[in-house]
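Undergrad: Residue numbers (the working numbering): 12 to 98. Glycine included, each C-beta is placed from N, C-alpha and C at the ideal position.
Next up, the structure:
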């Protein structure tokens with residue numbers, strides 16, 4: 012629903028590729044929920060699962076029929092995941 016130019020998409024992908032904070036994930040000690048979309052091509056489900064495993068005690072939710080903008084693509088499911096986590 013929110014098209015982006017090829018140039019903008021390339022810049023976004025390059026920025027993601029250049030940033031790596033994975034070595035810091037094991038130091039997170041806050042209750043954490045990782046949410047991913049099953050159709051996300053920037054952060055595919057396997058990558059999101061690895062991210063969640065790297066954070067001690069993190070919870071993982073993967074949402075069907077959603078890509079990278081989960082909160083806009085599946086707002087009810089996104090909200091349900093967040094509220095269940097916070098409950």
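Whose C-alpha, out of 47, 91, 40, is nearest the C-alpha of residue 75?
TA: Minimum Cα distance to residue 75 is reached at 47.
Undergrad: Taking the CB atoms as reference points, tell me whether residue 71 and residue 52 lie closer together than 8 Å.
TA: The answer is no: Cβ separation not under 8 Å.
Undergrad: Could you give the residue range of the alpha helix (DSSP H) that holds residue 19?
TA: Per DSSP, residue 19 belongs to the alpha helix (DSSP H) from 17-29.
Undergrad: If you measure between the beta carbons of residue 69 and residue 45, is that distance less than 8 Å?
TA: A contact, by the Cβ cut-off of 8 Å.
Undergrad: Please classify residue 66 as buried or exposed, where buried requires at least 16 other C-beta atoms within 10 Å of its C-beta.
TA: Buried, by the Cβ-count rule.
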